[in-house]
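In order, the protein sequences belong to chains A and B. For what it's worth, this note's numbering labels the leading residue of the first sequence as 1, then goes sequentially. For what it's worth, this note's numbering labels the leading residue of the second sequence as 1001, then goes sequentially. Each residue gets a CB set at the ideal place from its N, CA and C atoms; glycine is no exception. None of these values were measured; they are calculated from a predicted model. Some notes on the structure that comes next.
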Amino acid sequence: MNSEEVKIGVYICHCGGNISDKVDVEKVAEDAGNLPDVTVSRTYTFMCADPGQELIVEDIEKHGLNRIVVASCSPSLHETTFRSAVVRGGLNQFLYEHVNIREQVSWVHASTGEATAKATTLVRAAIARVRHHEPLSLIRVGATSRALVLGGGVAGLRAALDLAVYGLPVTIVEKSSRLGGQVAEFGTVFPTGESGAELVRTLVRDVSALEEITVLTGARVTGATGYVGNFTVMVEQERGDGSTEDLEIPAGAVIVATGSRPYEPDMGEFGFGQFPEVVTLPDFIQILNETRADGDLTVNGKMIRRAAFIHCVGSRQIEGIQKPKPGRPLNENCSRICCTATLKAESDLIEKFPGVFVYDLYRDIRTYGRNHEEIYERASRDGVSFLCYEPATPPVVTMAAPDDTGNLLITVKDNLTAGMEIEVAVDLVVLAVGMEPADVGPLAESLKLPAGADGFLQEVHPKLRPVEMAVAGVVLAGTCQSPRDIEESCASASAAAVKVAGLLTRGHVDLEPYVARVNADRCEGTGICLSQCEYDGALKIVESVIDGRAIRKAVVNEALCTGCGACVAVCPTRAIDINGWTLDQFEAMVDAMCADPVEVASD
Amino acid sequence: MNRAASTETVDTLVIGGGIAGLQTALDLADLGLQVAIVEKEPSIGGKMIGLSKVFPTLDCASCITTPKMAATAHHENIRILTLAEVESVTRHDEDFSVRVTLQPRYVDEDLCIGCRLCEYACDADVADEFEGGLSAHRAIYIPFTNAIPQLAILDPMECNLCGQCAVACPTDAVVFDQKPREIEITARSVVVATGFETTPMGAKEEYRGNEIVNVISPLTMERLLAPHGPYGRVLRPADGKVPDSVAFVQCAGSRDRSLGVPYCSRVCCMYAIKQAMLLSGALPFADITIYYMDIRAFGKGYETFFQNASAMGIEFVKGKVARIDEAGDRNVEVRFEHIDELGQVEERTHDLVVLSLGMLPAADLRDRMPISVSSDGFVTVPKPTIEPCRTNEPGIFVAGTAAGPKDIVDAIAEAGAAAMAVSGYLKKREPAGDAVCAVSAGMEIR
Ligand SMILES: Cc1cc2nc3c(=O)[nH]c(=O)nc-3n(C[C@H](O)[C@H](O)[C@H](O)COP(=O)(O)OP(=O)(O)OC[C@H]3O[C@@H](n4cnc5c(N)ncnc54)[C@H](O)[C@@H]3O)c2cc1C
Ligand SMILES: Cc1cc2nc3c(=O)[nH]c(=O)nc-3n(C[C@H](O)[C@H](O)[C@H](O)COP(=O)(O)OP(=O)(O)OC[C@H]3O[C@@H](n4cnc5c(N)ncnc54)[C@H](O)[C@@H]3O)c2cc1C
Ligand code: SF4
Ligand code: SF4
Ligand code: SF4
Ligand code: SF4
Chain A
1 MNSEEVKIGV YICHCGGNIS DKVDVEKVAE DAGNLPDVTV SRTYTFMCAD PGQELIVEDI
61 EKHGLNRIVV ASCSPSLHET TFRSAVVRGG LNQFLYEHVN IREQVSWVHA STGEATAKAT
121 TLVRAAIARV RHHEPLSLIR VGATSRALVL GGGVAGLRAA LDLAVYGLPV TIVEKSSRLG
181 GQVAEFGTVF PTGESGAELV RTLVRDVSAL EEITVLTGAR VTGATGYVGN FTVMVEQERG
241 DGSTEDLEIP AGAVIVATGS RPYEPDMGEF GFGQFPEVVT LPDFIQILNE TRADGDLTVN
301 GKMIRRAAFI HCVGSRQIEG IQKPKPGRPL NENCSRICCT ATLKAESDLI EKFPGVFVYD
361 LYRDIRTYGR NHEEIYERAS RDGVSFLCYE PATPPVVTMA APDDTGNLLI TVKDNLTAGM
421 EIEVAVDLVV LAVGMEPADV GPLAESLKLP AGADGFLQEV HPKLRPVEMA VAGVVLAGTC
481 QSPRDIEESC ASASAAAVKV AGLLTRGHVD LEPYVARVNA DRCEGTGICL SQCEYDGALK
541 IVESVIDGRA IRKAVVNEAL CTGCGACVAV CPTRAIDING WTLDQFEAMV DAMCADPVEV
601 ASD
Chain B
1001 MNRAASTETV DTLVIGGGIA GLQTALDLAD LGLQVAIVEK EPSIGGKMIG LSKVFPTLDC
1061 ASCITTPKMA ATAHHENIRI LTLAEVESVT RHDEDFSVRV TLQPRYVDED LCIGCRLCEY
1121 ACDADVADEF EGGLSAHRAI YIPFTNAIPQ LAILDPMECN LCGQCAVACP TDAVVFDQKP
1181 REIEITARSV VVATGFETTP MGAKEEYRGN EIVNVISPLT MERLLAPHGP YGRVLRPADG
1241 KVPDSVAFVQ CAGSRDRSLG VPYCSRVCCM YAIKQAMLLS GALPFADITI YYMDIRAFGK
1301 GYETFFQNAS AMGIEFVKGK VARIDEAGDR NVEVRFEHID ELGQVEERTH DLVVLSLGML
1361 PAADLRDRMP ISVSSDGFVT VPKPTIEPCR TNEPGIFVAG TAAGPKDIVD AIAEAGAAAM
1421 AVSGYLKKRE PAGDAVCAVS AGMEIR
C-alpha cells in the first residue's frame, strides 16, 4: 500500500442541521479539499443515511480513493456504519478515519467561527493520520461453544432455555440452593394472576429436560479471566458434606442475570425497625399468603383492621430530602414494579379479608404496563382510599395515642385535598420498597463490568446495544440492569440470548486489530515494556538463537493485548507501536494542528 | 392484478419495518436465517424515523434509526418489500403461505436511482404528511431524506399528468400505468411488528383537536423540533407566531374508558417531558406547562429526566383537562380541574397546545391470519410473563408496539426476544443435525 499513491476522500456531514447550524460545513470541506492528496471533499445532509454511504462507495470506485475520512457524530454511533461503506467500496475497513464534529464541536460551542475553526483543525488532523493508515485484519480467535449464565432467577432460566433449545451448551451458576430467584416467593403475580412458584416450576422443568444445560446451585464465582469467545470462570461449589469444590468453566460468552433485591429501609425510615407493625411489601406479601382466609390477619400478634401502604420507599429519592444509606448513592430512579405490586397486594388483602380498610399513600401511580391500569381500577373499586403526597413532605409514622383506632399514626399532607394535613390511624404500615441491584461479586471485578451511578449494571447504549456491555462477550438479562417485571425480565433475557447465539454459532470471534506490534529490527529485548504491561500474558520476551547468538525480542499475544499503549510510552528504541495509532501518526496529527493554526472567523 | 408466477421461501416473514421489525430481522439474519420484511409504507423506519430526539438519552432519532435501517438494507440475508401489505397468512402443514399486495410506486424500482430530477421537474405541490402537513413535497418525490429505499414515488391523486417527471428522469423509471401486484411468499415463521398509530386528533370531542389549528399532535411537535423539520424552528401553525406559552395535555386518549382506551400508553408522559425540554432549549423564554394526572417516568434514567425537567422550570400541573376552546388571537384556552387546589375548575390560555395522544394498534390482522387480538386491540400473548413474544398460533410471534404500547428501548428488547423465540421454534422443527439456515432459492436481495 505504501508505494501506491494516496487518494483521500473527505466527507463532512450536516447531521440535518445538528452540525451545519453551528459549523460552516462548506468551509470545512473547502479547506480539506485544498490539502495534499485529498481527491474528493464533500458535504451531505446525513452521511449515515443510505445515499450518504453510497457517496463514499461511488467515489471510491470513480476516483480510486484509498483513504476515507468522515466528519460527523460520535464514532460510537457510526464508525462501524462508515467502515462497512468503505468495505462495500472495496477497501480495507481500517483505511478509514472518523472525526466527531457534533458532540465535540457543534453541540458544545456557541460561536460559529470557533466551531468551524475547531472542526477544520480536527479534519486536518484526521487527514494527516489517515494518510499513514495501513490495511489491518481483524484478529480471529476460536470461541468456546458454551455460555455461562450467572444467576438462576427467571431471567437466567429464560436465557439458558433459549440457548439450549437453539443447541448451545449452557452452565447456570446460582449462588443460592435453589433456582427461580424472587418470583418463587410472590404467591400470584401481576398482571396474569399466575402462581409465581408455578412459573418457576415450568421453567425449571424445561431446563432440567435439556441435556445442554448444567446447573450449579450453591455456587459462587471466585474470579474470571479471558476475553470474548474465551472466558474462564472460576467457581466454588458447596458440596452436600459442607466442603467445597473448585471448578473452572470455559465459556465463549457470559450472561449476567444476578437480579436484584428489595430495598432494605433504614432504621427509623417511616418507622421501620422502630415499630414491628411497619413491614416491607415482600414481607407483607408473604404474611398475606401464609394466613388462611378463615383465620385472622395478625402482625406481631395484633389483628389488622386498617392498613396503609406507602409508595416509593427507597426509590425516586431526591437529594436534600432523603439521606443516602452508608456506602450507597441515593436511588433517584423509579423501581417500576412497586406501584402495580402494591395495588395488587391491596386488592388481594381486601379480597381475602373484606373487613380491612386500606389507605394508599402515593406520589404518582405508575401502572404503565399492559393490563396494569386494570389493577389500579380494581383497587379503586375495592374501596382503597388514596392520598397523594409530595416528595418534599413525605408521610410521618408515629405511635398512636392509646385510645386511637390503630396503633400507628400517619400524618401526611394530601395533594388531593389541597395539601391539607391528614392523620390516619392504622394497625399496619406496608412500605413499597424499590429494587436494589444484587451483588454481582468477583466476576464484576475480574472482568471490569461497568455499573451506572445507580449501581445497576450498565449497557453500552440503551437503544443501539441495549443488552450488551462494554466488555465484549458479556450481556445482561433481567433486573441486574434495572428494575422491571417478569415479562420485561424475560424479554431482555431472550434478547441477550439471541446476541450470544449470534456470537457463538460462528465458532470464532473477530477482535479489533488495535493491538501492539513489535518492530523486531529495532527491539533490543530489554523488556522495559513488559514491566509496564498490566495485562497477563499480553507481552513476553522470547529468546531465540540466531547465528549462534542468543537474541531477545518482545512478542505480543494479540488476543490478550488491549492496545492500551503503556509499553509504547517506555520503549527507548521506538520498537513497539499500536496498530492504527502509531507514534508517527500522532506526530503527523500534532503537526497538522499546530503548524499553521486555523484562523477563527468572527461571527 | 398480476399474479406472481414464482413463490419464494423465507425462514421468517416480518410484517412491519419499524424499529421492532428491523431489530427482529437483524437478529435473525445474524443467525443466518433468511428474512423478508413487508412494510406498507414507501420507506422502512416506522414512527421512530419521524421523531426529533429520543428520550431518555436525547440522541437524535435519525442517528439511531438510520444505522439500523441501513444495516437491514445491506444485510445479505434480508429482503425488504415496501408499499407491501399482507393480504392473508394461511398455514400449509408446517409452513405459512403469505399473499402480499405490492402497491404501485409508479416508478420502476429497478431503474430508479433516486436522483430527484423528477421531483425538481414536477410542479404539483402536496401537503407533506411526514412533516405533519406543515410543508409540501411534489407529486413525485423521495419520501424523506433518509428514506430506505431511496426511490421516488408518485402520488396519482395529486399528479396533473404533465409528464415533466418522465421527461426529466434519466433512466426512464416513471411508469404512469403501474398496477398493484400480488405475490406469494412461503414463510416458515412470521413475526407481527405492525406497530401503533396515535389516537386520532378528534377522538376526544371536548379537546377539539381537529378544529383548533393551534392544537397540534405530538408527532407534529416532533417535526417542529427536528433540526431538519418543516420550518427549521418552532412556530405555531395558525399564524407562524413564535409561541410564548406552550401546554401539553396528558392522557389525551388514554386511561379513558369513555373512548374505549382504559390502558396507559406508556410513552406519552416521557415524550411530553422530552418535547418540553427541547422546547425550553429552542424557546428559552417560553412558559411550558404539562397538565397531568400521574407522571409515569418509570424506565431506567427516566425519573432523573423528569426531575431535570422540573428543575429547568417546566411547570407540572396536576389536573384533568375537561375541555379546550379557541380564545382570541388564535390562542387556546384550557379548562381543567386543578387537583392540587381541591379540584377547582380553572382556565388558562396558551399560544399552542399539544395533545399527548396515546397508542392504538396500527393493524387488526385477525381476519388475515390465525392470531387473536385482546380487548385492548393489541395482539394476544397467551403467556406474557415467560413467553412475551409468542402468540396463540405456533410459528407466529409478535414484537414491539403491536403487542401493546411501549417505548423504543422496550420495543428493541422485545424484538430481540422475538428473534430468539423464532430461532428456537425453527430449531425445534428441524430434525437434529440439520442446518436451520437453508438458503432459499430465487431470493433476490435488494
Ligand atoms: C415485592 C415485589 C413484588 C413483585 N411482584 C411482581 C409481580 O407480581 N409480577 C411481575 O411481573 N414482577 C413482579 N416483581 C418483579 C420480579 O420480582 C422481577 O421481575 C424478577 O424477579 C426478575 O428476575 P431476575 O431473574 O432478574 O432476578 P431475581 O429474581 O432477583 O433472580 C436473581 C438470581 O440470581 C442469583 N444471584 C444473585 N447474585 C448472584 C451471584 N453473585 N452469583 C450467583 N447467583 C446470584 C439470586 O440468588 C437469584 O436466584 C416483584 C418484585 C418485588 C420486589
Ligand atoms: C410523539 C411520539 C414521541 C415519541 N418519542 C419517543 C422517544 O423519545 N423515545 C422512545 O423511546 N419512544 C418514543 N416514542 C415511542 C416510539 O415511537 C415507539 O416505541 C416505536 O416507534 C415503536 O416501534 P414499532 O416498531 O413497534 O412500531 P412502528 O414504529 O409503528 O412501526 C410499525 C411499522 O409497521 C408498518 N405496518 C403497520 N401495519 C402494517 C401492515 N398491515 N403491513 C405492513 N406493514 C405495516 C408501519 O408502517 C410501520 O412502519 C414516541 C411516540 C410518539 C407517538
Ligand atoms: S413504581 Fe410506583 S412506588 Fe415504585 S418507585 Fe415508581 S412510582 Fe414509586
Ligand atoms: S499495549 Fe498495553 S496490553 Fe498491549 S502489550 Fe502494550 S502494555 Fe500490554
Ligand atoms: S424516478 Fe427517475 S428522476 Fe425520479 S428519482 Fe428515480 S431515477 Fe431520478
Ligand atoms: S404515559 Fe402518562 S400521559 Fe400517557 S397514558 Fe400513561 S399516564 Fe397518561
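Taking a contact to mean a Cβ-Cβ separation below 7 Å, would you say residue 1148 of chain B touches residue 1310 of chain B in this structure?
Contact check for residue 1148 of chain B against residue 1310 of chain B fails: the beta carbons are separated by 7 Å or more.
Using a Cβ cut-off of 9 Å, pull out every chain A residue sitting near residue 1228 of chain B, in sequence order please.
14, 15, 16, 17, 18, 45, 46
To the nearest angstrom, report how far apart residue 434 of chain A and residue 359 of chain A are at their CA atoms.
19 Å
Go through the residues and name those whose CB comes closer than 7 Å to any heavy atom of ligand 5, in chain order.
B:1107, B:1111, B:1112, B:1113, B:1114, B:1115, B:1116, B:1117, B:1118, B:1119, B:1140, B:1142, B:1151, B:1152, B:1165, B:1168, B:1169, B:1170, B:1171, B:1173, B:1174
By a C-beta neighbour count over all protein chains shown, 10 Å radius and 16 as the cutoff for buried, is residue 383 of chain A buried or exposed?
Exposed, since its Cβ has fewer than 16 Cβ neighbours within 10 Å.
Residue 222 of chain A and residue 236 of chain A closer than 7 Å at C-beta
yes
How far does the beta strand (DSSP E) with residue 1178 of chain B in it extend, from its first residue to its last?
That residue, residue 1178 of chain B, is in no beta strand (DSSP E); it is neither H nor E in DSSP.
Any heavy atom of ligand 1 closer than 6 Å to the Cβ of residue 214 of chain A?
no
Quick one: which unbroken alpha helix (DSSP H) runs of 4-plus residues sit fully inside the stretch 270–351 of chain A? Chain order, please.
281–290
I'd like to confirm something about residue 380 of chain A: is its beta-carbon nearer than 6 Å to some heavy atom of ligand 3, or not?
Not so, every heavy atom of ligand 3 lies at least 6 Å from the Cβ.
Please name the residue, chosen from B:1068, B:1071, B:1064, that lies closest to residue 74 of chain A on a Cα-to-Cα basis.
B:1064
Return the chain-ordered list of same chain residues with a C-beta closer than 7 Å to the C-beta of residue 471 of chain A, the five sequence neighbours on each side being excluded.
447, 448, 449
CB-CB under 7 Å to residue 1444 of chain B, same chain, minus the five flanking residues each way: which ones, in chain order?
Bear in mind that a pLDDT of 33 at residue 1444 of chain B, under 50, signals an unreliable position, so the model cannot answer this.
Cβ of residue 1271 of chain B versus every heavy atom of ligand 2: is any distance shorter than 6 Å?
yes
Check whether the Cβ of residue 1328 of chain B lies closer than 7 Å to any Cβ atom in chain A.
no
Please find out if some non-hydrogen atom of ligand 6 comes closer than 6 Å to the beta-carbon of residue 1103 of chain B.
no
When DSSP labels each residue in this structure, what does residue 360 of chain A get in the three-state scheme?
strand
Restricting to runs no shorter than 3 residues, where is the beta strand (DSSP E) found entirely within the stretch 1163–1221 of chain B?
For secondary structure counted as the beta strand (DSSP E) over 3 or more consecutive residues, the stretch 1163–1221 of chain B holds these complete runs in sequence order: 1181–1192, 1196–1198.
Within 10 angstroms of its Cβ, does residue 1430 of chain B collect 16 or more other Cβ (buried), or is it exposed?
Exposed, by the Cβ-count rule.
Report the rounded CA-to-CA distance for residue 1441 of chain B versus residue 211 of chain A, giving the unit in angstroms.
Annotation note: pLDDT 31 at residue 1441 of chain B (below 50); position unreliable, coordinate value reported separately. The straight-line gap from Cα to Cα measures roughly 35 Å.
Measuring CA to CA, which of B:1165, B:1025, B:1276 is closest to residue 1191 of chain B?
Check the Cα spacing between residue 1191 of chain B and each of B:1165, B:1025, B:1276: the tightest is with B:1025.
Is there a Cβ from chain A that is less than 7 Å from the Cβ of residue 1150 of chain B?
yes
Is the beta carbon of residue 454 of chain A less than 7 Å from the beta carbon of residue 333 of chain A?
yes
Enumerated in chain order, which unbroken segments of the alpha helix (DSSP H) with a length of 4 residues or greater are wholly contained in the stretch 1389–1432 of chain B?
1408–1429
Beta-carbon within less than 6 Å of residue 1446 of chain B's beta-carbon, same chain only, minus the 5 sequence neighbours each way: which residues are those?
For residue 1446 of chain B, the predicted model reports a pLDDT of 31, less than 50, meaning its position is unreliable; a value from the coordinates is still stated below. The answer is none, since no qualifying residue turns up.
When the cut-off is 7 Å and only beta carbons count, does residue 1409 of chain B lie next to chain A?
yes
Any contact between the stretch 120–131 of chain A and the stretch 582–598 of chain A? By contact I mean 3 or more CB pairs, one from each, below 8 Å.
In short, these stretches touch, since the Cβ pair count reaches three.
So residue 267 of chain A is in the alpha helix (DSSP H); what residue range does that whole segment cover?
Segment: none, residue 267 of chain A is in no alpha helix (DSSP H) and carries neither H nor E.
In chain order, which alpha helix (DSSP H) runs of at least 4 residues are fully inside the stretch 196–225 of chain A?
196–209
Pick from B:1041, B:1320, B:1306, B:1267 that is closest to residue 1291 of chain B, judged by C-alpha positions
B:1320
Quick one: measure Cβ to Cβ for residue 171 of chain A and residue 249 of chain A, integer angstroms, because I've assumed they're closer than 8 Å.
Sure, about 5 Å apart at Cβ, within 8 Å.
With 7 Å as the threshold, decide whether the Cβ of residue 502 of chain A is near any Cβ in chain B.
yes
Residue burial classification, residue 1331 of chain B (beta-carbon count within 10 angstroms, cutoff 16):
buried
Taking residue 1031 of chain B as the query, report the chain A residues whose CB atoms sit under 9 Å from its CB, ordered along the chain.
Result: 166, 498, 501, 502, 505.
Closest Cα partner of residue 39 of chain A within the set A:466, A:59, A:371
A:59
Going by C-alpha distance, which of B:1048, B:1084, B:1208, B:1140 is nearest residue 1325 of chain B?
B:1208
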